[in-house]
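According to our numbering, the stretch in the sequence shown is residues 1454 to 1587, in order.
We put the CB at the ideal spot given by N, CA and C, even for glycine.
Notes for the one structure printed next.
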Amino acid sequence: MKEKIVPEKGPKPAGPYSPGLRVNGFVFLSGQISADPHSGELVNDSIESATSRALENLKLVLEASGLSLNDIVKTTVFLRDMNDFAAMNEAYAKHFSDPPPARTTIQVARLPRDARIEIEAIAIDPHHKYPFSK
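Rendered as structure tokens:
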């Protein structure tokens, strides 16, 4: 069974998708860009601020599901410009404790609203009773 997750305080979906879906203890998080949840405006002044805003938007979806950034096991980062990789990496690292999630980073031709970055994630609910748990 799928449970739709839509944070009250987060950016609203711009199309026919769920910000998050809980399925069998996993939470699949749709890509988040750097949209400010209050104004709707993009935080695009620097890749560092855009990265932090995108991760904060993911955090809002996670909090709506009772989880945190520490429950993320995999992210995919879509960058408009791979020259931003080092600065993105530095800002990204500030949001995760050790061990950080597995990650893939890809340069793309264009992102929604001409954002500089989009980040999607998969989290796991540590309280879920998995069939393979001891």
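Residue i vs residue j beta-carbon contact at 8 Å
i, j, result
"P1460", "L1508", "no"
"R1556", "V1530", "yes"
"L1511", "V1480", "no"
"S1518", "I1577", "no"
"L1482", "E1456", "no"
Buried or exposed (CB count within 10 angstroms, at least 16 for buried), residue i
i, result
"G1468", "exposed"
"M1454", "exposed"
"I1500", "buried"
"M1535", "exposed"
"D1537", "buried"
"G1493", "exposed"
"P1464", "buried"
Span separating the alpha-carbon of residue i from that of residue j
i, j, result
"V1561", "R1569", "10 Å"
"P1472", "R1563", "20 Å"
"P1552", "P1565", "30 Å"
"Y1545", "K1582", "30 Å"
"A1540", "S1502", "10 Å"
"K1462", "H1491", "8 Å"
"L1532", "T1558", "7 Å"
"D1524", "N1477", "15 Å"
"P1466", "H1580", "27 Å"
Close-in-space but distant-in-sequence residues of the same chain around residue i (CB under 7 Å, 5 per side omitted)
i, result
"F1549", "L1522"
"T1504", "M1541, A1544, Y1545, I1570"
6 Å Cβ shell around residue i - same chain, five flanking residues per side excluded
i, result
"R1506", "S1487, V1496"
"G1484", "E1571, E1573"
Other residues of its chain near residue i: CB distance less than 8 Å, five sequence neighbours each side excluded
i, result
"L1520", "V1480, A1576, D1578"
At 3 residues or longer, what runs of the beta strand (DSSP E) sit wholly inside the region 1462-1532? 1473-1476, 1479-1485, 1525-1532
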